[in-house]
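Step one of this worksheet: look at the structure below.
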């Protein structure tokens, strides 16, 4: 578990060297942050599509909401599935000695044939299990640290520690934890889409494919606040012009941007959640309250809550817990969602009463008749003093 930081922190790898590693790899994992932006989703879609076009096997470890964030582009790429692992068949040789092992191909089947020297092998003596991950490398996109992947790596927690890591990011906080690091120049206006474009260019990726160029152009537009001069480098404008020339790219990018416009009600709801937040006495939990009045005055619906809560957690990264207490505008019942910063912060008591984390949040199975009742229940679970007044 000690592969990270093989290079000096923030030592920059040339895009051509990253492309060389990708060409040498057959199976590639793409790892995304748990709290996703359109910028990261777009470059992930472009990257996965380009790698699939190069006949690579790709698995994306990202939030479940990724497909709808980039419209139809994601459907054409290798989506998130079960991690690629070795499959192991084992049995006890002391109980069932084997004289010979061979395999035969028959049509589309592979038959593994065992020849025991003693009694026949019983079915219950055979064990099936998954083994080591089968990735040649992992590409971390927009991931300032391995911890930012959060629940995305719940099925493969060892991935960024055991495999060769290509770290591509524009966050100035990035620690350069990869075996290869392409991190934005802090003195230039480099964006994540520009870095990814440089790698895909060296890879000779099909940048005229609308399902590569469209998401990449949408990501670049999002990263530069729709190409505002103060936020866009000359290189960014050049890339945008090149991507837009290919047939079908502009409609694809426009569709993605339109589908992901932040709605004013969602932003206002998130702002109210932030405004009505406070830390408990020792700074371990941040409590937030959204009332029926908040939904009514912003015009937001309960469907807006996941995005509003994502903004809340993104605004407060340091507390181990962020606790959101919400008055449902339709039922008047009080719901509670808790976002633990690290998997280790999920206590046994919390795991017993809350659903598994979804987009970084655990929802308590029970609802409450009042805010006070909800506060008391949470305080008991976390053994923390009440903070929401």
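Numbering (the working numbering), first residue to last: 396 to 784.
Yeah, the Cβ is synthetic: ideal placement off N, Cα and C, and Gly gets one too.
Is it buried or exposed, residue 494, if we count other Cβ atoms within 10 angstroms and call 16 or more buried?
As a position in the chain shown, residue 494 is number 99, starting the count at 1. Counting Cβ neighbours within 10 Å, residue 494 comes out exposed, since fewer than 16 surround it.
The beta strand (DSSP E) that contains residue 501, what's its start and end?
Residue numbering aside, residue 501 sits at position 106 when the chain shown is read from its first letter. 493-501 is the extent of the beta strand (DSSP E) around residue 501.
If residue 530 and residue 422 are in contact, beta carbons under 8 angstroms, what's the gap, nearest whole angstrom?
On the chain shown, residue 530 is found 135 positions in, with the first residue counted as 1. On the chain shown, residue 422 is found 27 positions in, with the first residue counted as 1. So it is a contact: roughly 5 angstroms between Cβ atoms.
Quick check on this structure: which residue in 415, 541 and 481 has the alpha carbon closest to the alpha carbon of residue 524?
Here the question's residue 524 lines up with position 129 in the chain shown. The shortest Cα separation from residue 524 among 415, 541 and 481 belongs to 481.
When the distance is taken between beta carbons, is residue 614 closer than 9 angstroms to residue 587?
Locating residue 587 in the chain shown gives position 192, where the first residue counts as 1. Locating residue 614 in the chain shown gives position 219, where the first residue counts as 1. If you check the CB distance, residue 587 and residue 614 come in under 9 angstroms.
Measure the C-alpha to C-alpha separation of residue 777 and residue 678 and round it to an integer number of angstroms.
Within the chain shown, numbered from 1, the residue matching residue 777 stands at position 382. Within the chain shown, numbered from 1, the residue matching residue 678 stands at position 283. When rounded, the distance between both Cα atoms is 13 angstroms.
Just the C-alpha distance for residue 415 and residue 713, rounded to the nearest angstrom, thanks.
Residue 415 sits at position 20 when you count from the first residue of the chain shown. Residue 713 sits at position 318 when you count from the first residue of the chain shown. If I take the Cα positions, the gap works out to 37 angstroms.
For residue 604, which three-state DSSP category applies?
Taking the first residue of the chain shown as 1, we reach residue 604 at position 209. Correct three-state label for residue 604: coil.
In chain order, which continuous runs of the beta strand (DSSP E) of length 3 or greater are located wholly inside the segment 643-710?
672-674 and 680-685
Would you report the Cα separation of residue 775 and residue 541, rounded to the nearest angstrom?
If you number the chain shown from 1, residue 775 lands on position 380. If you number the chain shown from 1, residue 541 lands on position 146. Roughly 31 angstroms separates the two Cα atoms.
With distances taken from CA atoms, which of 451, 579, 515 and 762 is nearest residue 487?
By 1-based counting over the chain shown, the position of residue 487 is 92. For residue 487, the nearest C-alpha among the options comes from 515.
Among 584, 556, 687 and 496, nearest to residue 573 - alpha-carbon criterion
Along the chain shown, one-based indexing puts residue 573 at 178. Ranking 584, 556, 687 and 496 by Cα distance to residue 573 puts 556 first.
Same chain, Cβ closer than 8 angstroms to residue 544, neighbours up to 5 away in sequence not counted:
Residue numbering aside, residue 544 sits at position 149 when the chain shown is read from its first letter. Within the same chain, residue 544 has close Cβ partners 426, 427, 428, 429, 456, 535, 538 and 555.
Is the beta carbon of residue 687 closer than 9 angstroms to that of residue 723?
On the chain shown, residue 723 is found 328 positions in, with the first residue counted as 1. On the chain shown, residue 687 is found 292 positions in, with the first residue counted as 1. Going by C-beta atoms, residue 723 is nearer than 9 angstroms to residue 687.
Residue 463 to residue 440 span [Cα, whole Å]:
Against the chain shown, residue 463 aligns to sequence position 68. Against the chain shown, residue 440 aligns to sequence position 45. Low confidence applies to residue 463: its pLDDT is 45, below 50, so where it sits in the model is not reliable enough to give any reading.
Which residue or residues does DSSP assign as beta-bridge partners of residue 505?
Here residue 505 is taken as the residue at index 110 of the chain shown, counted from 1. Paired residue(s): 500.
Three-state secondary structure (DSSP) of residue 562
By 1-based counting over the chain shown, the position of residue 562 is 167. Reduced to three states, the DSSP call for residue 562 is strand.
Starting from residue 573, trace the beta strand (DSSP E) in both directions and tell me its first and last residue.
Locating residue 573 in the chain shown gives position 178, counting from the first residue. Residue 573 -> no beta strand (DSSP E), and no H or E assigned at all.
Who are residue 735's beta bridge partners in DSSP?
The count along the chain shown starts at 1 and reaches residue 735 at position 340. Per DSSP, 716.
Three-way DSSP call (helix, strand, coil) for residue 514 in this model:
The sequence position of residue 514 within the chain shown is 119, counting from 1. Three-state DSSP puts residue 514 in coil, outside helix and strand.
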